[in-house]
Amino acid sequence: MKKIIKIRSIEHLTHDVLRIVAEKPTGLAFVPGQAADISINKPGWENELRAFTFTALPEDDHLEFTIKTYPAHQGVTAQLLSLHPGDELIVNGIFGDIAYKGEGVFLAGGAGVTPFIAIFKQLEKEGIVGHNKLIFANKTKADIILEEKFTQMLGKNFINILSDEQRTGYEHGFISANLIKKHSTDHTKFFYLCGPPPMMQAIEQQLSTLGVTAENIVKEAF
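Residues 0 to 221 in numbering that gives the first Met the number 0 are what the sequence shown spells out, letter by letter.
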């Protein structure tokens with residue numbers, strides 16, 4: 000499946016994160032939490048595929064991607080920074096193992112929050128955000144993606160932890176077993192996990208020490 004989509008708008012959500020809104024081709028279907036292999040429809044870049052998560056809802060009349068950029072790498076995300084409305088992307092295939100199974104704690108690191116954006120939008124739309132919590136790890140406050148939106152949706156169930164900055168109202172350090180335990184309740188059935196692989200491995204070990212079994216962990220299978 001290859002579908003060419005035209006960009007409608009492109010904007011910065013943070014200093015290094017883009018929100019790209021594009022046309023939605025007919026017949027394209029996905030589940031909140033899923034991603035697509037995307038390339039840029041420009042000479043030399045058509046076959047440079049990168050996985051980006053859908054952050055709009057399946058029933059929306061457009062596609063949206065929330066993408067962290069790495070200008071120094073001179074790769075696909077650096078190219079995205081030079082795109083404009085009217086430029087085109089190619090959707091090469093849809094995949095993903097992260098999907099909502101029930102109430103729990105969402106554990107995200109940096110751009111790893113993107114699968115959870117569509118999931119929380121869907122829960123909000125259906126009025127079933129409930130007791131779900133999001134623990135979001137970043138280096139600094141400036142790195143937090145959609146802080147206002149998540150605060151509005153989750154209130155006190157939105158917990159931020161910053162590794163490189165100490166701020167009142169924000170946890171400091173890294174996601175630990177103690178932090179997970181502190182924010183787990185009787186409503187916590189599942190743990191949703193997405194972030195850089197070393198972080199995910201560390202958190203899986205921490206969940207294991209808390210007695211959480213593999214069938215209660217929802218994560219991307221790389």
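Where is the CB? At the ideal position from N, CA and C, for every residue including glycine.
Within 8 Å, strictly: CB atoms of residue i and residue j
i	j	result
Ile97	Pro114	yes
Thr68	Leu80	yes
Ile6	Leu88	yes
Thr187	Glu102	yes
Ile202	Leu122	no
Ile238	Ile158	Nothing about residue 238 can be reported from this structure: the residues present for the chain run from 0 to 221 only.
Buried versus exposed, by CB contacts within 10 Å (16 or more), residue i
i	result
Asn177	exposed
Asn46	exposed
Glu219	buried
Ala273	Because residue 273 is not part of the residues shown, which for the chain are 0 to 221, the question remains open.
Ile3	exposed
Lys180	exposed
Arg166	exposed
Glu214	exposed
Leu206	buried
Glu147	exposed
Contacting residues, own chain, Cβ-Cβ under 6 Å from residue i (five flanking each side not counted)
i	result
Gly111	Cys193 and Gly194
Lys132	Val104, Asn156 and His182
Gly126	none
Val222	Residue 222 is absent from the structure shown; the chain starts at 0 and stops at 221.
Ala136	Gly108, Ile160 and Ile174
Other residues of its chain near residue i: CB distance less than 7 Å, five sequence neighbours each side excluded
i	result
Ile116	Thr54, Thr65 and Leu145
Ala141	Thr13 and His14
Strand pairing of residue i, partner residues [DSSP]
i	result
Ile202	Paired residue(s): none; Ile202 is not in a bridge.
Leu106	Ile134 and Leu192
Phe94	Ala34
Ser8	Val20
Leu161	Asn137 and His171
Thr13	Val16
Lys218	Leu192
Contacts around residue i, its chain only, beta-carbon distance under 8 Å, and the 5 residues preceding and following it disregarded
i	result
Ala50	Ala34, Ala35, Asp36, Ile37 and Phe94
Below-8 Å beta-carbon distance, residue i vs any chain C residue
i	result
Gly154	Of the protein chains in this structure there is only one, and it is not chain C.
If we require 4 or more residues per run, which alpha helix (DSSP H) segments fall completely within the segment 26 to 80? 75 to 79
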